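Numbering (my numbering), first residue to last: 8 to 301.
Just so it is clear, CB atoms sit at the ideal spot from N, CA and C, and this is done for glycine as well.
No experiment lies behind these values; they were computed from the predicted model shown.
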């Protein structure tokens, strides 16, 4: 089919495979080619480009806009959409490390606009629709306290809780489990969690490779955290090691390196998360009134 008519919609997973196979072969130029393939598809989709010349002109326009912009500046909506699609490609790369295709990664384009109550309701409806479609038995959420990071984390937590309340009106959710985790902005105390997962050096290697090669827009972030001026994956590993040390105070180092289990002998970090049923999860989430009543 004609590329500009509908061909741009196809072979999106080929972009991902091309990119990742060049990660394996160590060819950065070819990785950029895979990324460029996806960028071209996105530009054609957003601006309804109909020819090669229009594509060239639009790329020049986008470059001009971004080169003249400054950090934090509000960009035109279509350029903002393109930035969002870059992040979507990054997420698809991460999931492709584990064999997931783009059809299994659902981008909901939520905004969590703090000034628009109607928008809240629409986003809750979007989440609810996806829950009803997929029928998940496990849902993972960032369980950071309010004020411990960007407001969008807490608002997404509230929106998921509100969607679960609505879903529970028509479905028995007693078997659904919520996995609450914390990111680099806030950490669990060991006594707060239900699950402690051993992390090996192999797993840390996968984390580093997947982050470094997938999150292209974040890998060189300036001062991502006050504890480390480096990659967020390095900070994650640092937190896992600290969490292991906190448990070693209780169990001792020998519990790990002398353990009969190979899994525990290879433990060099610990990952914490909290498993809850829906009712337990809802008890942890406050201030739902705005989302439910608008």
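What is the DSSP secondary structure of residue i, counted as helix, strand or coil?
| i | result |
| --- | --- |
| residue 106 | coil |
| residue 57 | coil |
| residue 279 | strand |
| residue 205 | strand |
| residue 146 | strand |
| residue 188 | strand |
| residue 126 | helix |
| residue 284 | strand |
| residue 200 | coil |
| residue 33 | coil |
| residue 49 | helix |
| residue 44 | helix |
| residue 27 | helix |
| residue 292 | coil |
| residue 298 | Interpretation of residue 298 is limited by its pLDDT of 44, a score under 50 that renders its predicted location unreliable; no figure is taken from the coordinates. |
| residue 83 | coil |
| residue 17 | coil |
| residue 10 | coil |
| residue 266 | coil |
| residue 78 | coil |
| residue 117 | coil |
Is the beta carbon of residue i sitting closer than 7 Å to the one on residue j?
| i | j | result |
| --- | --- | --- |
| residue 158 | residue 193 | no |
| residue 200 | residue 279 | yes |
| residue 226 | residue 219 | yes |
| residue 285 | residue 171 | yes |
| residue 48 | residue 15 | yes |
| residue 271 | residue 254 | no |
| residue 19 | residue 29 | no |
| residue 117 | residue 173 | no |
Assign residue i to buried or exposed, taking buried as 16 or more other Cβ atoms, counted over all protein chains shown, within 10 Å of its Cβ.
| i | result |
| --- | --- |
| residue 56 | buried |
| residue 141 | exposed |
| residue 100 | buried |
| residue 252 | exposed |
| residue 258 | exposed |
| residue 78 | exposed |
| residue 127 | buried |
| residue 131 | buried |
| residue 301 | Unreliable positioning characterises residue 301 in this predicted model, as indicated by a pLDDT of 49, which lies under 50. The coordinate reading is nonetheless provided below. Classification for residue 301: exposed. |
| residue 198 | exposed |
| residue 168 | buried |
| residue 45 | buried |
| residue 161 | buried |
| residue 22 | buried |
| residue 75 | exposed |
As an exercise, report each continuous alpha helix (DSSP H) stretch of at least 4 residues that is fully enclosed by the stretch 150-185, in chain order.
158-174
With a cut-off of 8 Å, do at least 3 Cβ pairs link the stretch 75-89 to the stretch 44-53?
Yes, since at least three Cβ pairs between the stretch 75-89 and the stretch 44-53 fall closer than 8 Å, the two stretches touch.
Just checking, does the stretch 231-242 make contact with the stretch 255-274 on the three C-beta pairs under 8 Å criterion?
no
Mind listing, in chain order, the continuous alpha helix (DSSP H) runs of no fewer than 4 residues lying wholly within the stretch 217-255?
none
Cβ contact check for the stretch 237-245 and the stretch 130-146: 3 or more pairs under 8 Å
no
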